[in-house]
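K.L.:
Below are the structure tokens for one structure; questions will follow.
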Amino acid sequence: MAFKPALVIVDVQEDFCPPNGALAVAGGREIVPTINELLALPFALKVATKDFHPRDHISFASNHPAPNNKPFKSTIIIKNPHNPNESQETQLWPDHCVQGTKGSELVPELDVSKVDKIVNKGLDKRVEMYSAFADPFKNPCVARSDLSQSLREVGVTDVYVVGLAADYCVKATAIDSQKEGFKTWVVGDATKAVDPSSLGKVHEEYARLGVAVVAKDSPEVRK
Ligand code: VGL
Ligand code: ZN
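Per full-length UniProt numbering, the sequence shown starts with residue 1, numbered consecutively.
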């Protein structure tokens, strides 16, 4: 049976890491050595994604009027720009990963010499895009990256997802990967969450969808 694994490293960027990140995830930098160990393995394709927003991105609290503009707290309803009947409630954030800023850069500790491809996401100011595959709208989808196509081109069967943040972009990317037909594995010890207390629910959702959670050194048998 074919087994062609890819590694997808989600948003290991300065703005998601202490000490100076605008949206720093606790322990974010600590997972980089584990990710570098994975990067040394013979994956058929190694991808790093970057959250890469324009300054006027809809997810920035600073782009909305008070009082409903509190980063980490306020939510807004986003309408599908192509279909007013489809909407999504989404959280507001501090400005982060603005194109061309230091905060948008991959952290220098990451062994980018082993990365085959960078996928930028969140470029369309009108929609949130946690998943590295596409925004969450379906009727129709608004913004799609070329990640799925790149994985298919090399015949990838299995996708291993790591990075930041476990409860947002890693989660959305892993779920989309599984739905795109790749057997998907989240390497738990190579992720960190914005809210670690949310991970129980995230893992329940993974179980429902068939996404596996493993550790880098776990002796998992592939089913
Ligand atoms: C992310 C919040 C906003 C992430 C991106 O990479 O998990 N979280 N934008
Ligand atoms: Zn973002």
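Idealized CB from N, CA, C, for every residue including glycine.
Among THR49, THR75, TRP93, which one has its Cα closest to the Cα of SER62?
P.N.:
Per the Cα distances, TRP93.
K.L.:
Just how far apart, CA to CA, sit ALA212 and ASP158?
P.N.:
The straight-line gap from Cα to Cα measures roughly 11 Å.
K.L.:
What are the boundary residues of the beta strand (DSSP E) that includes LYS46?
P.N.:
That run of the beta strand (DSSP E) goes 45 to 51.
K.L.:
Below 8 Å CB to CB, which residues in the same chain sit around ASP124 once its five sequence neighbours on both sides are set aside?
P.N.:
Same-chain partners within the cutoff: ASP135, VAL142, ALA143.
K.L.:
Can you give the beta carbon distance from ALA193 to LEU199, rounded, assuming they're within the 8 Å contact cut?
P.N.:
Rounded, the Cβ-Cβ distance is 6 Å, consistent with contact.
K.L.:
Going by DSSP, what residues sit across from VAL119 in a beta bridge?
P.N.:
Paired residues: THR49.
K.L.:
Our contact map puts VAL10 next to VAL170 with C-beta atoms below 8 Å; I'd like the distance itself, whole angstroms only.
P.N.:
Right, the Cβ-Cβ distance comes to about 5 Å (below 8 Å), so this counts as a contact.
K.L.:
Just how far apart, CA to CA, sit ASP116 and PHE52?
P.N.:
So the two alpha carbons sit approximately 18 Å from each other.
K.L.:
Less than 9 Å between the beta carbons of ALA126 and GLN99, yes or no?
P.N.:
The amino acid occupying residue 126 in the given sequence is Arg; Ala does not appear at that position. Cβ distance not < 9 Å, so ARG126 and GLN99 don't count as in contact.
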